[in-house]
Amino acid sequence: MSSVIDILLWGVLPYVVLLVVIGGTIWRYKYDQFGWTTRSSQLYESRLLRIASPLFHFGILAVLVGHIVGLVIPKSWTDAVGVSEHMYHMLALTIGIFAGVGTFVGMALLIYRRRKTGPVFMATTTNDKVMYVLLVVTLTAGLLTTILSLWDTSETSYRDTVSPWFRSIWILQPDVGAMAAAPISFHVHVLFAFVLFMAWPFTRLVHAFTAPLHYLFRPYIVYRSRDRVTRSGSVPTRRGWDPVGTQDRHNSGYRGARSGGSTRREKSGSGSR
């Protein structure tokens with residue numbers, strides 16, 4: 001029998017998080033499209049950014065793929081293709097630790113750069129600081145959960161507890177008992193992840209929803225240089241930096257010349273008299 005706390009945490013809270021994420025994203029897109037940006041600081045510093053940014057982004061992508069595989073693919077499917085529990089466990093640990101450490105190191109470099117580079121630190125908002133705190137806490141909890149499974153094999157029971165609960169959410173039949181039976185480390189990790197996801201639409205992390213994936217499939221842009229040799233029948237081109245007299249300058253010079261000439265003729269006429 002699940003307690004009221006379990007029902008609220010694992011049966012009600014997931015749908016509250018989904019509503020906040022979906023509603024907040026729609027609100028952000030409708031009322032803050034100009035703020036839908038990463039607010040890039042590459043202009044201020046690029047040496048550390050060239051190392052930290054790819055390390056963080058590729059690491060977080062590997063973490064995301066690992067979570068999708070672990071939570072979405074049922075245990076029966078991997079058993080059917082001949083992947084033993086030990087093999088799955090070692091593969092998940094290897095990929096999880098490398099991805100987690102890479103993400104953590106990349107984020108640590110980003111935070112160090114933001115704190116030590118004056119212009120970057122001046123451009124850091126309170127919203128950014130809260131975002132970094134949530135990222136650090138959530139990633140640390142997940143990394144500790146993975147490391148703890150090296151000494152306690154019961155930590156791998158997420159395939160029998162967390163995974164069925166996660167899949168049950170999407171069919172609107174949350175298996176509260178399964179999640180309640182998961183180790184406490186998974187409870188902590190999931191709760192911090194809930195807080196991070198609810199804050200996601202209101203931080204710069206929202207740019208992940210509009211990643212420019214279409215650039216990978218966009219056709220090449222063809223650049224054509226101007227021909228130096230004038231073709232027959234074509235109009236000769238002139239360089240854009242050649243001085244060009246304006247209509248006003250031409251008219252004023254013409255009037256001045258006429259005025260000066262007239263004056264000189266009048267003086268010459270009076271002298272001869």
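With this note's numbering applied, the sequence shown covers 1 to 273. Virtual Cβ for every residue (Gly too), placed ideally from N, Cα, C.
Of the other Cβ atoms in all chains shown, fewer than 16 fall within 10 Å of the Cβ of G35; this residue is therefore exposed. Looking only at L71, L110, T140, the smallest Cα-Cα distance to I51 is reached by L110.
Separation of I147 and T140 (C-alpha to C-alpha, rounded to the nearest whole angstrom) is 10 Å.
For L18, the secondary structure class from DSSP, reduced to helix, strand or coil, is helix.
The beta carbon of V188 sits closer than 7 Å to the beta carbons of A141 from its chain, once the five residues preceding and following it are set aside; these are given in chain order. T124 is the residue among L205, T124, T145, I22 whose C-alpha sits nearest the C-alpha of Y44. In this structure F56 is not in contact with T138, their Cβ atoms being roughly 14 Å apart against a cut-off of 8 Å. Using a Cβ-Cβ distance cut-off of 8 Å, the region 18-25 and the region 194-214 are in contact, since at least three pairs of beta carbons, one from each stretch, lie closer than that value.
Counting along the chain, D79 sits inside the alpha helix (DSSP H) bounded by residues 75-80. Take the alpha-carbon of L143 and the one of I97: they are about 7 Å apart. When C-beta atoms of the region 169-183 are compared with those of the region 6-17, three or more pairs fall below 8 Å, so the two segments count as touching. If you draw a straight line from the Cα of S149 to the Cα of A178, it comes to about 19 Å. Counted as a single uninterrupted DSSP element, the alpha helix (DSSP H) harbouring H189 occupies residues 184-199.
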